[in-house]
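Visitor:
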Amino acid sequence: MGLFKIVEARPKFSNYQLELLPALTKHKIHPTFHVLLLRSYNISNDALFPDQTKPEPYDFGIDNKYEWFFFFFS
290 MGLFKIVEAR
300 PKFSNYQLEL
310 LPALTKHKIH
320 PTFHVLLLRS
330 YNISNDALFP
340 DQTKPEPYDF
350 GIDNKYEWFF
360 FFFS
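Residue numbering for the sequence shown follows the working numbering, starting at 290 and increasing by one per position.
1) I'd like the list of long-range same chain contacts for Ile318, defined as Cβ closer than 8 Å, with 5 residues on each side in sequence excluded.
2) Quick one, are the C-beta atoms of Phe293 and Asn304 less than 8 Å apart?
3) Assign Leu307 to one of two classes, buried (16 or more other C-beta atoms within 10 Å of its C-beta) or exposed (fewer than that).
4) Note down the Cα distance separating Pro311 from Pro320, rounded to an integer number of angstroms.
5) Going by beta-carbon coordinates alone, are Ser329 and Gln341 separated by less than 8 Å?
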């Protein structure tokens, strides 16, 4: 999703609260994530990968009432 500032770390519970973009909080994305869902940010080397484009934040584009939530059960 992108590079986000860590607002609060809860190592006892392996959770981190991130400072999300306003577009994400508007769509009720909760700012707390388990450590297994996070990765460290590595700066791209433009000399090695000159044509690499950075991904844009996801555009939800529609009102919350049209969004669906799916759960995977195995």
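A virtual CB, placed ideally from N, CA and C, is assigned to each residue, including glycine. Remember, predicted model here, so these are calculated numbers, not experimental data.
Guide: So, from the listed chains and residues:
1) For Ile318, where only same-chain residues beyond five positions count, the Cβ hits under 8 Å are Leu309.
2) No, these two residues do not count as a Cβ contact at 8 Å.
3) Buried.
4) About 11 Å.
5) Contact: no.
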